[in-house]
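What follows is one structure encoded as structure tokens, with my remarks underneath.
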Amino acid sequence: MTDLYDRHRAVLPDWLALYYGRPLELTHGEGRHVWDAEGNKYLDFFGGILSTITAHALPEVTKAVADQAGRIIHTSTLYLNRPMVDLAERIAALSGIPDARVFFTTSGTEANDTALMLATAYRGSNQILAMRNSYHGRSFTAVGITGNRAWSPTSLSPLQTLYVHGGVRGRGPYAALSDAEFTEACVADLRDVLGQARGGVAALIAEPIQGVGGFTSPPDGLYAAFREVLDEQGILWISDEVQTGLGRTGDHFWGWQAHAQNGPPDILTFAKGIGNGMSIGGVVARAELMNCLDANSISTFGGSPVTMAAGLANLTHLLEHDLQGNARRVGGLLIERLRAICAQLPGVREVRGRGLMIGIELVRPGTDEPDQAAAAAVLEAARDGGLLIGKGGGHNTSVLRVAPPLSLTVAEAEEGASILEQALRSA
Ligand code: PMP
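Heads up: the sequence shown begins at 250 in my numbering, then just goes up one per residue.
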């Protein structure tokens, strides 16, 4: 292990983030559990950062991958591809976007890049509205719109980005507002920012619940209120569903559905869970918008048959077993249990979330100051107790992130909560 770590350090970039003082090498998984190279077993509450959405080693996915790989692993989008058409039909029908077209990529980053290319081409503008504290990926355009500076390593950008409030309340004047007042203030901020834009703005891109930013939810309906303002100028709404899609939030299949009063987004991007760990990303948009590009474009590996076969098997399992409903039920119990545990702990500012996307924000006891050191210590202690969780929350990284596979059982939720309680008390 140490040897592998030394080799990792010697050959990979310093900025490739690693968890834990003694980094983990995971070698296999089953259900909601993973094992490391030393044989230690962990309950997985971070699922490859929300990618393992059904379960580790789900037999249907393993079989679909093996069957397809045994026939042919890869062809090209230059040829007809049955599993790609099958999966596109399923996603188009689920997307809520009328006359939907689907384009597959290999990552969430590339999906957002494509969405931005569509929006800027369609609108003839490179001005983008994005949310403060947001995260949208790691390509040049994606970091250019990412509001969370801890994950945006360059200030150069091919886009002009204007940041607006709404994704996170923070600790400033917005913190004390009611949901209605907050929505009103954010709409006023949006109008103010738009007033400063030079000429037309192409699109607003937003995560319905900020993921890397610390699982912060705006009030339901915020993006519907934004939509009214955007519609006045024909500005498009891109919903980045890379973390919130596929039932993760329990209440909805997509995060945008908590903001649906004025219809679906113009463009939706997805990735992570759809392939249960296989590299699938994608973009959904109505035909007129998707087809606004007038030059050819392919993605060599986007829509590759092996990944599409995995996606189909995974999506079928997710829907047939109502894992969205499970996320709502088990997530509801888990958040209640965590709230009860944390009510007695002075270092916890808030337990928040929806479905199986739960954040625990830590502060220095007796203050409102983010406690990054405590978050790191809880992460280590949880690992020692046999539980993997994540952290996030803007540049402070003081939010613990809990996002298990959506098949989590009640017993596993209770076990994880108990380990987390120990870790919170000991750290
Ligand atoms: N958007 C969001 C909301 C994300 O959380 C992520 C990944 N954390 C991305 C985009 C980028 O996805 P990928 O890492 O697959 O490129």
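Yeah, the Cβ is synthetic: ideal placement off N, Cα and C, and Gly gets one too.
Of the candidates Gln671, Thr556 and Val413, Val413 places its Cα closest to the Cα of Leu471. Within a 10 Å sphere around the beta-carbon of Ile607 sit 16 or more other beta-carbons, which makes this residue buried. According to the DSSP assignment, Arg577 belongs to the alpha helix (DSSP H) that extends over Leu572 to Ala592.
Looking at the DSSP output, Leu673 bridges to nothing.
Out of Gln459, Lys640 and Arg447, the CA that lies nearest to the CA of Gln376 is found in Arg447.
Arg398 counts as exposed, since fewer than 16 other C-beta atoms from the protein chains shown sit within 10 angstroms of its C-beta.
Within the same chain, Trp284, Asp285 and Ala286 come within 7 Å of Thr276 by CB-CB distance, once the 5 residues on both sides are set aside. Counted as a single uninterrupted DSSP element, the alpha helix (DSSP H) harbouring Leu567 occupies residues Pro554 to Glu569.
Secondary structure at Glu279: strand, using DSSP grouped into helix, strand and coil. Cβ-Cβ separation between Leu336 and Leu561: approximately 5 Å, consistent with a contact (criterion under 8 Å). Following the DSSP letters along the chain, one finds Lys521 in no alpha helix (DSSP H), marked with neither H nor E.
Val260 counts as exposed, since fewer than 16 other beta carbons sit within 10 angstroms of its beta carbon. Taking 8 Å as the cut-off, one finds no heavy atom of the ligand PMP near enough to the beta carbon of Val533. In the structure shown, Gln510 adopts coil according to DSSP, grouped into three states. Counting along the chain, no beta strand (DSSP E) covers Ala306, and no H or E run does either. The DSSP-derived three-state label of Leu655 is coil. Ranked by Cα distance from Asp633, the options Pro514, Ser427, Leu673 and Phe353 are led by Leu673. Spatial neighbours of Ala666 in its own chain (CB-CB distance under 7 Å, excluding positions within 5 residues in sequence) are listed in chain order as Leu583, Arg586, Leu587 and Ile590.
Checking the DSSP bridge columns, you'll see Arg418 has no partner listed. Of all C-beta pairs linking the stretch 344-355 to the stretch 595-610, fewer than three are shorter than 8 Å, placing the two stretches out of contact. For the pair of segments examined, the stretch 405-420 was found to touch the stretch 437-455: the number of CB pairs separated by less than 8 Å reaches three.
DSSP, reduced to helix, strand and coil, places Glu661 within a helical segment of the structure shown. Below 8 Å, enough C-beta pairs join the stretch 548-567 and the stretch 312-326 to call them touching: three or more. In this structure, Ile458 sits near Gly504, with a CB-CB distance shorter than 9 Å. In the DSSP annotation of this structure, the continuous segment of the beta strand (DSSP E) that includes Gln409 starts and ends at Gln409 to Val413. In this structure, the C-beta of Val461 approaches the ligand PMP to less than 8 Å from one of its heavy atoms. Distances from the CA of Trp264 to each of Arg331, Ser401 and Ile340 were compared; the closest alpha carbon is that of Ser401. With fewer than 16 other CB atoms across the displayed protein chains lying within 10 angstroms of its CB, Ser546 is exposed. Residue burial is scored here from C-beta neighbours: Pro654 has at least 16 other C-beta atoms within 10 angstroms and is therefore classed as buried.
Rounded to the nearest whole angstrom, the C-alpha separation of Arg331 and Pro614 is 57 Å.
Taking the Cβ atoms as the reference, Ser528 lies roughly 6 Å from Ser356, within the contact range of under 8 Å.
The ligand PMP has no heavy atom closer than 8 Å to the beta-carbon of Asn563. Taking all protein chains shown into account, Gln445 has fewer than 16 neighbouring C-beta atoms within 10 Å of its C-beta and is therefore exposed.
Counting only the Cα atoms, Pro407 lies some 7 Å from Gly393. In this structure, DSSP gives Arg497 a state outside helix and strand, which the three-state scheme calls coil. Per DSSP, reduced to three states, the secondary structure at Gly551 is coil, with no helix or strand assignment.
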